[in-house]
Amino acid sequence: MRSLLLGVAVLVGQLFGTDGVLTADDIVLSCTPLAKTPVTLPSVGYCGIDMLLGMEIKVALDITSIDNVDTKCTLNNIPLTNVSLVQKDSKWKVRLGYTIQLSDPDSDAGVTEVKCTVARTNETLTSLVETLPITIYAYLPEIDSFEIVPPVSNPALSTRSPSKNKTNLNPSIVALGIGTTVDFTVSVKSKHDVSGSCLLQPQNQVVSIASSRGQYVVRAGDPYIGVDSMTYSCNLTDVAGNAAHSEGKVMSRSVVLDGTLPVLDSVFMVFSSETPAKIGSMVTLTLKAQNATSGYTGNCSVNGVGPLELVEQADDKKGLYLVQYHVGSGDHDVGVNQTLPVECKLANVAKNSYYYTTALSLNFAIDANRPQIVSTKLLFSSDDPAQEESVIEIQIVSSHEPKPLVVHKESCSINNVSVARSFTRSSADTYLLTYVVGKGQAMWKPGKLPIYCVLQDQGGNTVVVNQFTDDNTLFAREMKPHEFDPTKDFGAYLPDKMVLLSFLIVAVASHTISNFCPFVGLPRITGYLATGIIAGPFVLKLITTDEIGQMRFVDELALAYIGLAAGAKLHWVEMRRKIKSILSVTLWLTLFEYVIGTLTIIVLANYLVFLQATTTMECYAIAMLAGCMMIARSPSSALAVIEETGSQGHFTTFIFSVTVLCDIVVIVLFNINSMITEAFLSDKSISFQSVMELVAQMVISVAVGILSGKFMSYVILWRTPRISRRSRMHKLLQFSKQLVILMFGFSLFVLGHLCHPWLESLMCCMVAGATLYNWNHGSNREELNLLLKSMADFVYVGFFTLTGASLELDILLKAMAVSVLLCLTRVFAIFLGSYIGGALAHENSMHNRVSWMAYITQAGVTLGLAKKIQLLYPGWGSYLATMIVSVVICNQLIGPPLLRMVLRYVGDCREKENGKVDGLRALILGDDERLVVVNSAKRRMKNCGWEPFSFCMNMKDVQDPIEMNVQIREAMKEHEPLDVVVVMMSSDVFNYRVIRNVAQICTKLKRVKILRIVVNVVGDAASSEDEDWASRFANMPFNEENGDAIDVVVVDRNEATDMLIELAACGKLINQKEVLSPRADDTDMTEETSVIKVSLSSKMRQMLWV
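Numbering (our numbering) for the sequence shown: 756 to 1861.
See the structure below:
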């Protein structure tokens, strides 16, 4: 026997037979390959195709010979032919042999089954069924699938494959690059583990396979292998020694392999947007990839600047990549035929990287350094300060340049005037500019001559000259006025949206900050000005100088309001009683303030920047205009102090009338001085014609103001009784009227610009305001003042914030010293004018000595006129306006305290006693039977600071409703304006009729304020009707037809003291509201009922709390 016995498997366990139990020595197995040159021997316990499986199995037989004995066996139900029964060592054994055939059934150890039967003739001697500890593989290990195991998700892996045909692959595709380990799995048809080797193509790599798995590391130089583009050729063997050769395609499962490097061959082309290249130029490099491969990414460094992105060109230019280099200031200069260093780091989709470096020879130059400006100086000025037709030369010195600098695209201007053609080279690196001041151009601050010049070197690099490096103080002023033309400069009325939004934010902040000023004793205007200064161009720069110029509509709206408010304060009815004295004091105040103010400005001319180097006539003209500003007062500040101190009397009325009249005079005088100033500054002569033009201007302005004011009275003072004062519609109506007032005033300013010089807008507004108050179609004069007062904050916050922002802060501190001196001379002039005027008017001598303290306050009109000067004379007006604002600040600091002091000194401001309450004007209505009670209440209210009037009707007139209405109407008209009406009739029925008549009369008189009515319930002490009458009176404002015009406060007759009546009149005592709970048996008692407090102790506690 030529075969080699490969192994014997001995059973360790129990083998069961028919006659007993087989031991370990009862069975012998062997598997012998039949091939002469076997490739692989089977493992122990395995047997494969074309291998002889031999075995000996002990059987229990009690025979002595094998004559006529037949032995038959099967292996896994396959009949065996090579079967024999032998006796060995006195033991009978069945000897079997079987060659495993291809496609026999596979069986595992413990499953391989053998069955044998030993028989003689027809008698079965024994049989056995045993399982063998051997595995049979009867199938070749042919490959069913050869797959790449996808790696675990890695964000660093690219999802795009470089290929000669640029494609956008599925995002699920993963590319594995150089050094990456690729895992394979092999699946064979026999479903058994295999081992062996495989040749992979196209990379020609042999891979070892063990336990059906293999690994391959991508090497540099391996080709790019796309999806399912790799093949295998494998020789594999399973553990049973079966061998097979297989070839096929590797399933990549969306994995591509790339061992190539992203190599660049060369720089294909270089292009520059400008030749030579300069700062800002774009140099484009086109790089060519090896084999025109696309899909590379990376960045480059050009001329030491990077990283610059590497961008692949379009699909029709495969394998070409662009790098764009923007020449920056300070980069290295590269001359013609010199080398440009280029370094690139590239990566393909598999993250294989490659470094490419080259030194590129250029056929053009790169100039990456700007020329440096060493100095910019004012070399010469024919006049100081500069004026129209002055010649100014400016010297510019630059760093050394091989060739002279030139002006870039004619972009060179001084004071916004092009001077590019005057640019000349005086010496190496030194250049000159010549500027001749033109008409309307002489307007700049010391050392602030605007210059903007763009210079260019040989390479095309530019440098901007926009400021002087020396400390020159040359300034210029345009003395002539600038008349605004809305048809040409309408853009000043339409600010940019962002500018308007910024200003609104600053205005809101200004309003918030101003609320804290009264707590430190300062007017709110101070807060507006301070916020404007902080937000202006000198501090936070939230509002720039150009943006201030765009807010002209705010200035003119505010000036219109100031004019209307000043005219509305001219109360002719109150002033005409003392008109001679008022005119006398006003005249002398105007004379002394105007003359002394003008002389002060003339004396200080050498210390004021805007008056330096002016002609005598120019100086006089500006000084007269500034002296005129000294006359203005502040009625609003004076009124605030008067209301605060509760001052009343002849002196208080007199000084307030003079204050108001001075504001009227200053507006008229300002227009006269404006004409004189314009004539002097415009080289015009004051002729008879110019005087007549001024007279015509005044007449036309007054006429337009009267007519427009009369017309507007029908619109502004209109009110229908159908709209309740307590309704939202009434508030909407008031808001609409305020809007109409602003638009009306603004339209007068626009009309004044269009009709210049025949119409003076501020004069029109002032006359219109006086007309609205003193000459309107109704008898009510309160509505205009209430409308103006309620919109004051809205107007002032914008106007004075903008005024603060427009102040020349750089000269404000310098002007403070001059402003203090002006303030002192103004106080002296006020003293002389008030004393002499009062003495000539035969006023109280003690009043004449101290009345100067009441005329110092300045605010609204003064600032408004200062703003008007700034708008009319932009060359020097801002300087004068800044100085005037400084004077106003000084006067506003000392004016209100001095006014408060003088009011207390003359006795108009009486100190309160405990329990006394200041009030205003009250009318007490009664009848003959209540005369004593009425007089008692009148005395009490007079002692408490009221101005009470009493009117008692006789009983006959009281009985007649028509006569009662007539008499009450006459009494109310005579004593207007009234704040309170006290009704003290002898009967509650009469009280009810009187209150109803008062409500009707208030509606017919078109009173704006709701009139408070205090009624004393009469009733009978034993009657239960007291509480009914009290409730009825208290509900009249809600139940009566004209009830929205009144507010009723009820005083119980049981507690009707003069003190309670006075407290109720001034609003310190009100009705108490109670809601009665509904009873179970009466569901109608659910309405709110007004009742009166019935406890005197509760009233006293309330008074003490007040």
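Beta carbons: idealized from backbone N, C-alpha and C, even for Gly.
Only a predicted model underlies this, so the values are computations on that prediction, with no experimental measurement involved.
- Between L1658 and M1740, the C-beta gap is not smaller than 9 Å, which leaves the two residues out of contact.
- Per the C-alpha coordinates, the member of A1321, A1368, A1323, F1435 positioned closest to A1376 is F1435.
- Judged by DSSP secondary structure, T1407 falls within the alpha helix (DSSP H) whose first and last residues are 1405-1436.
- Short of 7 Å from the beta carbon of T886, and not among the five residues preceding or following it, lie these beta carbons of its own chain, in chain order: G865, V866, T867, E868.
- DSSP, reduced to helix, strand and coil, places Q1722 within a helical segment of the structure shown.
- In this structure, DSSP gives A930 an extended state, which the three-state scheme calls strand.
- For T1112, the beta-bridge partners assigned by DSSP are E1098.
- For S1168, there is no enclosing alpha helix (DSSP H); the residue is found in the beta strand (DSSP E) stretching over 1161-1169.
- Beta-bridge analysis with DSSP links C989 to C953, S1001.
- Closest in alpha carbon position to A975, among V799, S1108, Y1469, is S1108.
- Note on geometry: alpha-carbon atoms of T1228 and I1455 lie some 45 Å from one another.
- By DSSP's assignment, S1153 forms a beta bridge with I1128.
- A straight line joining the alpha-carbon of G1215 with that of V1025 spans about 20 Å.
- Proximity of the stretch 1313-1332 to the stretch 1344-1357 falls short of the contact definition, fewer than three beta-carbon pairs being nearer than 8 Å.
- A direct Cα-to-Cα measurement between V1582 and R1604 gives close to 13 Å.
- With a beta-carbon spacing of about 25 Å, V1661 and H1730 fall beyond the 8 Å limit used to define contacts.
- Taking 8 Å as the upper bound for CB-CB distance, G1507 and G1464 are not in contact here, some 15 Å apart.
- DSSP, reduced to helix, strand and coil, places P1292 outside both helices and strands of the structure shown, so it counts as coil.
- Within the same chain, S1136, S1137, D1138, V1191, V1192, A1197, A1231 come within 8 Å of S1145 by CB-CB distance, once the 5 residues on both sides are set aside.
- Assignment of beta-bridge partners to P1140 by DSSP yields no partner.
- If you compare the alpha carbons of V1495, I1288, G1593 with that of T1558, the shortest gap goes to I1288.
- The criterion of a C-beta distance shorter than 9 Å is satisfied by V941 and C989.
- In the DSSP assignment, H1266 falls within the unbroken alpha helix (DSSP H) covering 1252-1269.
- Here the C-alpha atom of V783 lies approximately 14 Å from the C-alpha atom of Y853.
- The straight-line gap separating the alpha-carbon atoms of L1509 and E1373 is approximately 27 Å.
- Fully contained in the stretch 1012-1059 are the following beta strand (DSSP E) runs of length 3 or more, in chain order: 1019-1027, 1037-1044, 1052-1057.
- In the DSSP assignment, the residues bridged to T1217 are Q1211.
- Assigned with DSSP and collapsed to three states, P1652 falls in helix.
- Inclusion of S952 and V943 in the CB contact set at 9 Å is not warranted, their separation being larger than that value.
- Contact between the stretch 1553-1572 and the stretch 1257-1272 is established, with three or more Cβ pairs separated by less than 8 Å.
- Assigned with DSSP and collapsed to three states, L1065 falls in strand.
- If you draw a straight line from the Cα of C1645 to the Cα of T1286, it is about 18 Å long.
- Across the structure, L857 and D863 are spaced so that their CA atoms are roughly 16 Å apart.
- For E1448, the enclosing alpha helix (DSSP H) covers residues 1443-1471.
- Shown here, P1716 sits in a helix according to DSSP, grouped into three states.
- Bridge pairing for E885: V869 [DSSP].
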